[in-house]
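Undergrad: In this note's numbering, the protein residues as written are 656 to 774. Note that CB positions come from ideal geometry on N, CA and C, so glycine has one too. Mind having a look at this structure? Questions to follow.
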Amino acid sequence: MNIAIIGGSEAKRAELEQMILSNSNRSKAYSIVCYEFIEDEQIYVNSKVSVAFIFVENSKILYRIKEFIDGNDKVSIVVVSNRPEYALESIRLNIKYYLLYPLEQYEVLEALKRSEVVL
656 MNIAIIGGSE AKRAELEQMI LSNSNRSKAY SIVCYEFIED EQIYVNSKVS
706 VAFIFVENSK ILYRIKEFID GNDKVSIVVV SNRPEYALES IRLNIKYYLL
756 YPLEQYEVLE ALKRSEVVL
């Protein structure tokens, strides 16, 4: 499974990447690419990415996610934020997975499992 981790600090991206890789076993091979998010640019992921974890730190990022969703229905999006109010906005955007930061290992794994079923 190809996974993108977008936005957040380098430390947050590394933490999430480690959580995903620490659970990886021989039956599941994860390929992870981390992207820094630049607010004035559109969100982009490689066409082989099936799951994108996107750190949301402000409402402008939610707007960029909406633009991304409108042009891409093949990527399962997981919003990660420390602001619960963004969960409601995520629901309005039809994003099925919202994780509250700080992350818990089981939440990340559950989001990955559900993303595989959706795809």
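Just curious, the beta strand (DSSP E) that V733 is in, first and last residue?
TA: It spans S731 to S736 - the beta strand (DSSP E) in which V733 sits, taken as one unbroken run.
Undergrad: Write down the C-beta distance between I709 and I661 rounded to the nearest angstrom, noting that I regard them as a contact closer than 8 Å.
TA: Confirmed, about 5 Å.
Undergrad: Just reading off the beta strand (DSSP E) that I724 is part of, what are its end residues?
TA: Here I724 belongs to no beta strand (DSSP E); instead the alpha helix (DSSP H) covers S714 to G726.
Undergrad: Can you tell me the Cα-Cα spacing of E762 and L754, whole angstroms?
TA: For E762 and L754, the distance between alpha carbons rounds to 7 Å.
Undergrad: State the CB to CB distance for the pair L748 and I720, rounded to an integer number of angstroms; the pair is presumed to be in contact (CB under 8 Å).
TA: Confirmed, about 6 Å.
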